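*Asks:*
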Amino acid sequence: MTKYQFIEEELYRRQQQSHLRQLQTVIPLEGADVRIGNQKVVNFCSNDYLGLSKHPLLIKRAVEFAERYGTGATASRLICGTYDCFQSVEKKLATLKGTEAALILNSGFQANVSILPTLADRQTLILSDQLNHSSIIQGILLSRCHVLRFRHNDLAHLEELLEKNIDKGPCFNSTRARRMIVTESVFSMDGDQSDIGRLVDLARAFDAFLVVDEAHATGVLGPGGMGLCCGKGVDLTIGTFGKACGSFGAYVACSRKLRDYLVNCCAGFIYSTAMPPSVIGSIDAALDLIPGMGEERKALHAKADLLRLRLQNLGWRTGASNTQIIPVMVGGETEALALSDHLKSNGVLASAIRPPTVPEGQSRIRLALSAHHTMEHLEYLIQLFEERHFHGNH
Ligand SMILES: Cc1ncc(COP(=O)(O)O)c(C=O)c1O
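Throughout the sequence shown, residue numbering follows the working numbering, covering 20 to 413 in sequence.
#1: With respect to 6 Å, is the separation between the Cβ of S154 and the closest non-hydrogen atom of ligand 1 below this value?
#2: Cβ of S207 versus every heavy atom of ligand 1: is any distance shorter than 6 Å?
#3: Reducing DSSP to helix, strand and coil, say where C273 ends up.
#4: Would you say the segment 270–278 touches the segment 123–136, given that touching needs at least three Cβ pairs under 8 Å?
#5: May I have the straight-line CA-CA distance separating F206 from A227, to the nearest angstrom?
#6: When you compare each of A236, V298, H235, V231 to G89 by their alpha carbons, which one comes out closest?
#7: Let me know the secondary structure DSSP gives H165 once reduced to three states.
#8: Do you know how far the Cα of Q106 is from the Cα of S382?
#9: Quick check: G265 and D67, are their CB atoms within less than 7 Å of each other?
#10: Could you tell me which of L386, R278, G258, P375 sits nearest to L447, measuring between CA atoms?
#11: Can you tell me where the alpha helix (DSSP H) holding E233 begins and where it ends?
#12: Which parts of the segment 291–369 are runs of the alpha helix (DSSP H), unbroken and 4 residues or longer, counting only runs that do not cross its ends?
#13: Please tell me whether L160 and L180 are closer than 7 Å, where the distance is taken between their beta carbons.
#14: Work out the CA separation of I200 and E405 for me, nearest whole Å.
#15: What is the residue span of the alpha helix (DSSP H) that L181 lies within?
#16: Does DSSP classify L150 as helix, strand or coil?
#17: Going by C-alpha to C-alpha distance, which of F128, S291, A130, D173 sits closest to S147?
#18: Relative to ligand 1, is the shortest distance from any of its heavy atoms to the C-beta of A269 smaller than 6 Å?
#19: Please confirm whether R486 and E119 have their CB atoms less than 7 Å apart.
#20: Decide if Y102 is buried, meaning its Cβ has at least 16 other Cβ atoms within 10 Å, or exposed.
#21: Run the proximity test for F288: is its beta-carbon closer than 6 Å to any non-hydrogen atom belonging to ligand 1?
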């Protein structure tokens, strides 16, 4: 027995169960195209929903900021001082989100794993949607709070759990007991939306803190494309800049007081080097562009509606999706992998999403649409799903 045995065993186990993941080299080309080896394929898995990652203004401003501030922020913002560009981007963001304040964090994952333990302690009850992203789950685990999962988007179930747990149980007889609801506004693997208005009402009725992750709504839905929580009275929203914003990093939008609390207490903010100025430059440019991209959003949603309908007409199930994220439900892992391979060998990159990312028996192909996809791309994709359907392979 060597000290590496557990690693070998785990990798072997994953291989046996077809769970072994491997990194695949891709070279970005024009628009939605990428190159894998010698093959050009159309990418249907990127979260670059508005196609901003290659936008000339984002690139230009990234270069400008790197030239002005250097390539690195050199330390945490509390150590060396905060560059003015971070603060102006935070102000811009807060205005767009309709909140008093905003704070930049280094990634959506880092935001969730560090903010949730900053807000929740051992006496806190967190009510978490069953389909919340792994980063939310990790953050909840780190907080060591008491957690109850409500059935996905089932707000009657959430209400029932809130009702049952009012000041109840050993964890909650303290005056410091907190209740917190944590969910997403657009779910990353299912592409469906939460009812933010009802969540806010429930949070108010039960004096619960409401935290919503807007990773997949930011840039795509809501007023000026800034998410479904804008102006709705959510206590704290988290969003990423790495998806529709075409850049990297994350934000928190909240009250001024809450921002002060995070600046003082959130380990992921305090003990991490601030983001590179070039990245702040590209975020700044994305925030200038996004509110004016109404036509691009309309076109994106129209393409998603059309694709969903055409796939459903062919007999494929697309779950409760009503956004640019379209899961094509397959069921078994092997079948999902086979379908993904079939698509790839025909020039389409669309990954199979399998357990543990999704529950057992719910493996799927996750299609993510972007402004770069043309009608020809969609027609071709539909044709591939049609062929597969008629071969009876799903
Ligand atoms: C809902 C959700 N939250 C957070 C994240 C993590 O964000 P980031 O990629 O910026 O770390 C993701 C993305 O993978 C996500 O889907």
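Glycine included, every Cβ here is placed at the ideal spot set by N, Cα and C.
Keep in mind it's a predicted model, so treat the numbers as computed, not measured.
*Replies:* According to the data block:
#1: yes
#2: yes
#3: strand
#4: yes
#5: 21 Å
#6: V298
#7: strand
#8: 42 Å
#9: yes
#10: Nothing can be reported for residue 447, as the shown portion of the chain is limited to 20 through 413.
#11: Element bounds for E233: n/a, residue is neither H nor E.
#12: 296–308, 313–332, 352–364
#13: no
#14: 41 Å
#15: 174–183
#16: coil
#17: D173
#18: yes
#19: Missing from the structure shown is residue 486; the chain here goes from 20 to 413 and no further.
#20: buried
#21: no
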